[in-house]
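Colleague: For reference, the structure I am asking about is given below.
In our numbering, the protein residues as written are 1 to 547.
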């Protein structure tokens with residue numbers, strides 16, 4: 001059946017009408033109208049709270065989103081995905097990263113086959129392998145214990161494990177350090193290998209097809225570096241693969257017993273929960289890795305069972321659609337007030353923008369509405385001294401997700417109190433702003449003349465009414481990180497359903513790679529190139545003329 005035009009649906013029209021009213025309503029006034037607003041618009045969990053009260057929404061807004069989600073049969077979409085139906089229509093695949101963290105007794109079928117035994121089998125293999133490394137039972141070719149693990153991958157094979165490893169550094173194993181190489185720029189792997197010892201280094205080559213150009217280029221350089229010190233027969237002791245291509249893995253010299261599997265129903269940007277997370281599993285230990293999975297499972301069950309107003313991913317999706325499609329916010333900022341989460345925004349950039357950066361609907365027709373927003377951000381308080389000026393006083397509306405943690409992993413003097421004072425203050429300041437009368441009052445109290453007050457006032461006024469969500473977590477541990485990450489994943493899924501797009505393909509990634517493959521031989525030729533536009537030809541010729 002052809003898709004309905006989203007913008008013509010009854011609930012979408014009602015939300016558009018409602019938005020016209022809410023745009024002229026101050027968020028601060030909504031608090032005055034409802035003294036219970038904070039509790040009404042906060043969802044409590046065992047690991048922290050999600051406060052969405054500082055958004056320009058009301059109970060009517062939530063009611064209208066219930067209608068919108070009902071029109072799109074969201075519950076059916078959730079059940080279809082969680083039960084293994086082929087919801088990635090353009091590639092004919094199931095989407096089952098949620099099965100990788102399924103700790104219930106529920107069976108999950110793909111093509112009439114229960115995949116849970118396979119998943120549990122790979123988890124057991126990861127447990128055995130990581131425990132043997134961390135205990136020193138598995139050694140390198142000279143008998144020395146492995147001290148460094150290098151994960152070579154790109155995209156989802158890098159961003160997820162790296163984000164989580166950085167976030168969970170306090171839980172890192174004492175005897176092994178994990179490093180990540182992704183960029184095909186030779187600088188990346190060169191800098192990584194500078195201080196490593198071939199006798200004590202293990203490489204994980206993470207590539208589903210074992211053909212990804214960037215990953216295999218880096219893998220070959222790592223292989224050459226290793227063979228400068230060791231014989232080829234020793235490769236199997238220092239290289240493992242996470243792949244589906246056993247033939248190419250074996251040809252590389254990796255023992256098939258050191259190949260970890262994952263499946264075509266695991267999308268790259270959702271693969272940290274799979275064997276792609278092997279480097280993370282080694283880095284924080286299997287027990288902590290399992291807690292990471294269990295946190296995500298908790299969020300999945302919460303997502304599947306809770307009503308909209310008590311459902312964190314659902315409310316995140318609703319608020320995101322509201323701000324993006326009805327209040328015209330082109331982007332949102334992810335602002336973690338915890339340095340360990342410094343790679344979280346980068347991870348979400350791929351998860352969100354590669355998923356929902358689509359301009360055609362499920363029928364292949366151009367959409368008539370905005371789809372995926374731009375995602376960006378940095379940890380606080382660094383961002384305050386960089387880009388918060390634009391968020392506070394710029395011409396763009398930029399909703400913010402603030403992520404704070406009650407318990408610091410590094411309690412040092414009053415550092416954490418100062419950090420969290422800024423966390424609370426920024427969200428409040430974005431909502432309330434500072435009125436002209438308040439600015440004039442403060443300048444007068446500072447002893448400025450009327451002329452000086454008139455001159456300075458316009459520059460010191462803050463419009464306010466800038467929306468934000470706040471996650472306040474008890475502590476940043478593996479379970480909590482798993483739950484937080486899964487919340488964003490499930491939010492992205494719901495938004496894709498509403499926007500009537502396929503969140504699980506990524507054809508836009510391919511074009512540049514195809515053209516690069518054609519250009520590469522031209523960079524090794526002496527003749528001038530004439531195959532492209534004049535600008536590209538000129539750039540290639542200039543590069544080829546280098547000394």
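Every residue, glycine too, gets a C-beta built ideally from N, C-alpha and C.
How big is the Cα-Cα spacing for residue 363 and residue 11?
Modeller: Residue 363 and residue 11: Cα-Cα distance of roughly 21 angstroms.
Colleague: Please list the terminal residues of the continuous alpha helix (DSSP H) segment that includes residue 29.
Modeller: Looking at the DSSP string, the run of the alpha helix (DSSP H) that includes residue 29 is 27-33.
Colleague: Compute the Euclidean distance between the alpha carbons of residue 178 and residue 172, then round it to the nearest angstrom.
Modeller: Taking the straight line joining both Cα atoms gives about 9 angstroms.
Colleague: Taking the alpha-carbon positions, what's the residue 319 to residue 55 distance?
Modeller: Residue 319 and residue 55: Cα-Cα distance of roughly 8 angstroms.
Colleague: Alpha carbons only, please: which of 198, 208, 206, 436 is nearest the one belonging to residue 227?
Modeller: That would be 198, whose Cα lies nearest to the Cα of residue 227.
Colleague: With residue 584 as the anchor, note down where its beta strand (DSSP E) starts and where it stops.
Modeller: Outside the shown range of the chain (1 to 547) lies residue 584, about which nothing can therefore be said.
Colleague: For the alpha helix (DSSP H) that residue 516 lies in, which residues bound it at each end?
Modeller: Unbroken alpha helix (DSSP H) run through residue 516: 510-519.
Colleague: Could you give the distance in angstroms between the alpha-carbon of residue 487 and the alpha-carbon of residue 98?
Modeller: Approximately 12 angstroms between the Cα atoms of the pair.
Colleague: I need the straight-line Cα distance from residue 1 to residue 509, nearest angstrom please.
Modeller: For residue 1, the predicted model reports a pLDDT of 42, less than 50, meaning its position is unreliable and no value from the coordinates is stated.
Colleague: With a 10 Å radius around its C-beta and 16 neighbouring C-beta atoms as the bar for buried, classify residue 201 as buried or exposed.
Modeller: By the neighbour-count rule (16 or more Cβ atoms within 10 Å), residue 201 is buried.
Colleague: Identify the residues that DSSP records as bridge partners of residue 145: which are they?
Modeller: The partner list for residue 145 (beta bridge, DSSP) reads 139.
Colleague: Look at the alpha carbon of residue 206 and the alpha carbon of residue 215, and state the distance between them as a whole number of angstroms.
Modeller: Rounded to the nearest angstrom, the two C-alpha atoms are 8 angstroms apart.
Colleague: Buried or exposed: which applies to residue 531, given that a residue is buried once 16 or more other Cβ atoms fall within 10 Å of its Cβ?
Modeller: Classification for residue 531: exposed.
Colleague: For residue 1, does the three-state DSSP call read helix, strand or coil?
Modeller: Bear in mind that the predicted position of residue 1 carries a pLDDT of just 42, short of 50, making it too unreliable to give a figure here.
Colleague: Please report the distance separating the alpha-carbon of residue 273 from that of residue 416.
Modeller: Taking the straight line from one Cα to the other gives about 31 angstroms.
Colleague: What would DSSP say about residue 48, mapped onto helix, strand or coil?
Modeller: DSSP places residue 48 in strand when its eight states are reduced to three.
Colleague: Measure the CB-CB distance between residue 31 and residue 42 and report whether it falls below 8 angstroms.
Modeller: Their beta carbons are not under 8 angstroms apart, which means residue 31 does not touch residue 42 by this criterion.
Colleague: Would you call the region 368-384 and the region 309-319 touching, i.e. three or more CB-CB distances under 8 angstroms?
Modeller: No contact exists between the region 368-384 and the region 309-319.
Colleague: Given residue 40, which residues of its chain have a CB within under 8 angstroms of its CB, disregarding the five upstream and five downstream residues?
Modeller: So the list reads 34, 53, 59, once near-sequence residues are dropped.
Colleague: Measuring CB atoms only, is the region 467-478 touching the region 385-400, in the sense that at least three cross pairs come out at less than 8 angstroms?
Modeller: Because the criterion of three Cβ pairs below 8 angstroms is met, the region 467-478 and the region 385-400 touch.
Colleague: Would you give the residue range spanned by the alpha helix (DSSP H) that residue 564 belongs to?
Modeller: Nothing in the structure corresponds to residue 564, since the chain is present only between 1 and 547.
Colleague: Considering residue 402, what are the terminal residues of the beta strand (DSSP E) in which it resides?
Modeller: Segment 400-405, the beta strand (DSSP E) holding residue 402.
Colleague: Straight-line CA distance for residue 186 to residue 154?
Modeller: Those two C-alpha atoms are separated by around 14 angstroms.
Colleague: Do you know offhand how far residue 352's Cα is from residue 446's?
Modeller: Approximately 47 angstroms, taken between the alpha carbons.
Colleague: Would you mind sorting residue 382 into buried or exposed? The rule is 16 or more other CB atoms within 10 Å of its CB.
Modeller: With fewer than 16 Cβ atoms within 10 Å of its Cβ, residue 382 is classed as exposed.
Colleague: With DSSP as the reference, identify every bridge partner of residue 376, one or two as the case may be.
Modeller: In DSSP, residue 376 forms a bridge with 333.
Colleague: Hey, out of 485, 265, 391, 411, whose CA is closest to residue 297's CA?
Modeller: Taking only the C-alpha atoms, the option nearest residue 297 is 485.
Colleague: The alpha helix (DSSP H) with residue 302 in it runs from where to where?
Modeller: 286-305 is the span of the alpha helix (DSSP H), which, as asked, contains residue 302.
Colleague: Measuring CA to CA, which of 233, 144, 257, 79 is closest to residue 243?
Modeller: The residue with the shortest Cα to Cα distance from residue 243 is 257.
Colleague: Under three-state DSSP, which class holds residue 434?
Modeller: Three-state result, residue 434: strand.
Colleague: My guess is that residue 559 and residue 175 are in contact by the Cβ rule of under 8 angstroms, so how many angstroms apart are they, rounded?
Modeller: The requested residue 559 is not part of the displayed model; the chain covers only 1 to 547.
Colleague: Is DSSP giving residue 20 helix, strand or coil here?
Modeller: Three-state DSSP puts residue 20 in a helix.
Colleague: Terminal residues of the continuous beta strand (DSSP E) containing residue 76?
Modeller: Note, residue 76: premise wrong, no beta strand (DSSP E); alpha helix (DSSP H) at 74-82.
Colleague: By the three-class DSSP mapping on this structure, what secondary structure does residue 548 have?
Modeller: No information on residue 548 is available, as it lies outside the stretch 1 to 547 that the chain covers here.
Colleague: Which class does residue 226 belong to by DSSP, given the choice of helix, strand or coil?
Modeller: Looking at residue 226 - three-state DSSP - the assignment turns out to be helix.
Colleague: Considering only the alpha carbon of each residue, which of 429, 116, 93 lies closest to residue 104?
Modeller: When only C-alpha atoms are compared, the closest one is 116.
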